[in-house]
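Q: Mind having a look at this structure? Questions to follow.
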Amino acid sequence: AAIWRRIGAGVVTLPGSEVFTALERGVIDGTDWGTLSMNQDLGYHKIAPYPLYPGFHSAPAADFAVNMKRWNALPDDVKAIVETATKEFARDMVQSIIMGDIAAADAAMSQGVTLVNWSNEERTRFRKVAMIEWEEFGKKSPLARKLVDSQVAFLKKLHLLD
Numbered sequence: 022a023a024i025w026r027r028i029g030a031g032v033v034t035l036p037g038s039e040v041f042t043a044l045e046r047g048v049i050d051g052t053d054w055g056t057l058s059m060n061q062d063l064g065y066h067k068i069a070p071y072p073l074y075p076g077f078h079s080a081p082a083a084d085f086a087v088n089m090k091r092w093n094a095l096p097d098d099v100k101a102i103v104e105t106a107t108k109e110f111a112r113d114m115v116q117s118i119i120m121g122d123i124a125a126a127d128a129a130m131s132q133g134v135t136l137v138n139w140s141n142e143e144r145t146r147f148r149k150v151a152m153i154e155w156e157e158f159g160k161k162s163p164l165a166r167k168l169v170d171s172q173v174a175f176l177k178k179l180h181l182l183d
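Take 22 as the starting number for the sequence shown in the working numbering and just add one per residue.
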């Protein structure tokens, strides 16, 4: 939300269950919610026919959390099973989202939806604004700093901050 505010958007935080109705009634003008396929399945294309696709930021698809004391008490073989299963689940989830979005893009275009794709220059400008917010976030704790540094290093490796 802070990044959108920084570029001039008026940000309203809503529960997911209220986003469609708020968009439909004009309470909000746009939304940064869900994947293209999720939005298509929910009928967003009927009220907001200009989705940004392909998207350019990630959203966590799943989370696995465990009490560290309980984790440390597990035998190593069980830890390895959980780690392998979690990684496989994440890969499957990403692949499912990608394939779902490709199908949704085809369906959307056949329904008269205009897919909007930001240029590389626009994406780079947005990421530079995001970096200002990330730097602020990174000051919150050593873990926050580590997360920001990891994200920035990854984006640089992909040449997405050039």
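Ideal Cβ positions, reconstructed from N, Cα and C, are used throughout, including at glycine. A quick note: this is a predicted structure, and the numbers were derived from the prediction, not measured.
Just to confirm my understanding: we take Leu-182, look at its own chain, exclude 5 residues before and 5 after, and list those with CB closer than 8 Å. What are they?
A: Thr-145, Arg-148, Lys-149, Met-152, Val-173, Leu-176
Q: Given a cut-off of 7 Å, decide if Thr-56 and Asp-122 are closer than it, judged by their beta-carbon atoms.
A: yes
Q: Kindly list the residues whose CB is nearer than 7 Å to the CB of Gln-61, restricted to its own chain and excluding five residues on each side of it in sequence; keep chain order.
A: Ala-125, Ala-128, Ala-129
Q: Would you kindly report the start and end of the unbroken alpha helix (DSSP H) that includes Asp-62?
A: 57 to 62
Q: Select from Pro-72, Arg-27, Thr-34, Leu-44 the residue whose C-alpha is nearest the C-alpha of Val-137.
A: Pro-72
Q: Any idea which residues DSSP pairs Val-137 with across the strands?
A: Leu-73
Q: Taking the alpha-carbon positions, what's the Val-99 to Thr-105 distance?
A: 10 Å
Q: Can you give me the start and stop residues for the alpha helix (DSSP H) that Lys-177 sits inside?
A: 163 to 178
Q: Following the continuous alpha helix (DSSP H) through Leu-44, name the residue where it begins and the one where it ends.
A: 37 to 45
Q: For a test of the three-state rule: what should DSSP assign to Val-115, helix, strand or coil?
A: helix
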